[in-house]
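So the structure is just underneath, and the comments pick up after that.
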Amino acid sequence: MKLAFYIPSLRTGGAEYVAIELLTYLSQQKQWEVFLLTDVKSSTLLSKIPDTVSIVDLNYSSSKNFLNKIKNLFKAIKLNKLDLIVSNISNSNIHILLLKVFYFLPKIKVICVEHSIPSKFLKRSRFLKDKILSKLLSVLYNKSDAVVCVSNACKLDLVNNYKVKIQKCFLVYNPINIEKIKILSQENIEYNLKKICKNRKVISTVSRLSYEKNVDFLIDAIKHLSENYPDLNFVFLIVGDGLDRARLEKKVSANKLDYFVVFIGNTENPFKYVSFSDLFIFAGRLESFGNIFVEALALNKKIMTLESPGALEILENGKYGEIMDENVLRFSQKMYDLLNQKEDLNDLLLKRALDFDSQKCFDSYKELLEKLS
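Position one of the sequence shown corresponds to residue 120 (the working numbering), numbered consecutively onward.
Here it is, written out as structure tokens:
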């Protein structure tokens with residue numbers, strides 16, 4: 120049986136790394152002939168794909184026309200005679216389901232993976248394309264053979280707000296390779312950065328630099344921390360990149376925070392920076408699961424985050440980390456308290472991270488795929 124993962128562009132991101140982990144595992148099982156459908160030109164992570172996976176270039180970069188992209192996808196499916204497709208993002212889920220319904224591909228089984236809480240951004244969006252996507256989601260998700268939800272919050276959102284049949288929804292947490300994270304975390308950080316951090320408390324975040332990740336709030340909190348707690352010598356490492364980076368760098372300079380803030384940029388190993396830090400902070404608005412929470416737990420790091428469905432679920436309503444409201448004063452006060460706290464966590468956080476270890480996810484996917492094969 121021919122199994123394909125569809126992800127329009129394999130670039131840095133949580134859903135993309137999940138796809139890589141699953142492709143690697145499933146191709147090793149020898150039960151399926153495994154394919155990856157993607158745009159090769161815009162994909163920066165293809166080196167992570169094992170040779171046991173056949174890569175099919177959708178050539179999306181050659182055209183911005185939506186219909187041309189759909190035609191390319193249709194041709195790839197027919198040419199390779201695919202039997203089962205796992206789609207990984209809301210937009211790509213709609214692409215596949217449109218083909219299944221309107222291009223007469225009833226025999227192809229489709230699993231949609233939903234990584235977000237759609238109602239949190241689609242229904243509130245002012246953009247017409249998001250409103251259309253929201254309507255299509257309500258109509259088309261029930262045409263899939265299964266919908267994998269990466270959190271309970273995601274599952275409830277689809278069932279309650281989009282009327283997706285509950286029997287189609289399967290809760291499967293993202294695969295987190297705990298052992299791999301622990302090994303990568305032992306890599307040394309750059310010598311110059313180590314000098315910058317010497318004798319200072321280290322705060323870190325790992326995030327795409329975009330609106331929904333709300334890094335602006337973290338910078339505001341860091342500003343308040345620097346101005347109101349002069350006895351605290353610290354540095355804030357921002358690991359990640361995105362469209363907002365230039366603007367955020369200007370904001371840091373305008374607020375005279377260059378001494379306190381270091382932009383690391385994209386990296387294949389964010390774990391060494393989290394491991395090196397005393398406190399991990401996050402402010403994402405829409406996290407449905409949030410791989411980074413589990414990754415920080417795996418490194419036994421104190422966590423502070425703004426409230427989100429993913430944070431509440433993974434951190435168990437604050438049992439395994441501080442969940443805060445969006446208030447700069449309270450957030451900076453809590454950072455100060457945690458940085459001065461001597462509490463020994465005794466591997467408590469690591470034990471929670473093990474609840475999300477990769478093998479549990481792999482077993483769930485394998486069972487679902489065998490059921491549909």
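Just so you know, even glycine gets a beta-carbon here, dropped at the ideal spot from N, CA and C.
One or two residues paired with residue i in a DSSP bridge
i	result
E441	M423
L290	C268
F401	T424
L156	Y125 and V175
N233	Looking at the sequence shown, residue 233 is not Asn but Glu. E233 pairs with C268.
G359	G384
T131	The partner list for T131 (beta bridge, DSSP) is empty, contrary to what the question assumes.
D476	I295
L487	None; L487 has no bridge partner.
I322	F355 and L398
S206	Y125 and C231
Among the options, nearest to residue i - alpha-carbon criterion
i	options	result
E152	L469, K200, I251 and A138	K200
T143	G132, Y125, K421 and I168	I168
V159	R364, S181, L145 and L141	S181
N307	S394, V371, R245 and L376	S394
K375	D339, K391 and G361	D339
E441	L457, P428 and N293	L457
C316	K183, V381 and E489	V381
Y484	L186, Y179 and L203	L203
L362	N333, N184, E486 and D397	N333
Y281	K320, L241 and K301	L241
S345	L448, E414 and F185	L448
E414	E435, K391 and K228	K391
E489	I230, D466 and K197	I230
Q305	A138, F185 and P389	P389
L337	M120, E368 and L312	E368
L356	A138, L312, D335 and K342	L312
K370	G359, H343, C480 and D335	D335
I300	Y136, I236 and M120	Y136
A265	S238, L216 and Y455	L216
Residue environment, residue i, which counts as buried when at least 16 other CB atoms sit within 10 Å
i	result
R366	exposed
G384	exposed
F408	buried
G403	buried
E406	buried
Y310	exposed
D276	buried
A373	exposed
P225	exposed
G437	exposed
E486	exposed
K274	buried
E462	exposed
S396	buried
I302	exposed
S323	buried
F185	exposed
N296	buried
N318	exposed
L467	exposed
E435	exposed
I227	buried
I139	buried
F246	exposed
K250	exposed
K194	exposed
C-beta atoms of residue i and residue j nearer than 9 Å
i	j	result
T386	F401	no
L164	A123	no
L431	I422	no
N459	L351	yes
V220	L141	no
I126	T157	yes
S451	Y348	yes
Q147	S492	no
N212	S263	yes
P428	S253	no
N293	H234	yes
V267	V232	yes
R471	I433	yes
L469	L398	no
V321	V291	no
S161	S128	yes
L198	K188	no
Contact test: residue i Cβ vs the ligand HEM heavy atom, cutoff 8 Å
i	result
F185	The ligand HEM is absent from the structure shown, which contains no ligand whatsoever.
CB contact check: residue i to chain B, cutoff 9 Å
i	result
L458	Given the protein chain composition of this structure (a single chain), no chain B is represented.
Practice task
Determine, using beta-carbon pairs with one atom in the segment 272 to 290 and one in the segment 463 to 478, whether at least three such pairs fall under 8 Å.
Solution key: no
Handout entry: Validate contact between the segment 162 to 181 and the segment 313 to 329 using beta carbons, cut 8 Å, 3 pairs
Key = no
Exercise for the section: Spell out a yes or no on whether the segment 209 to 228 and the segment 242 to 258 are touching, meaning 3 or more CB-CB pairs, one atom from each, closer than 8 Å. Expected result: yes
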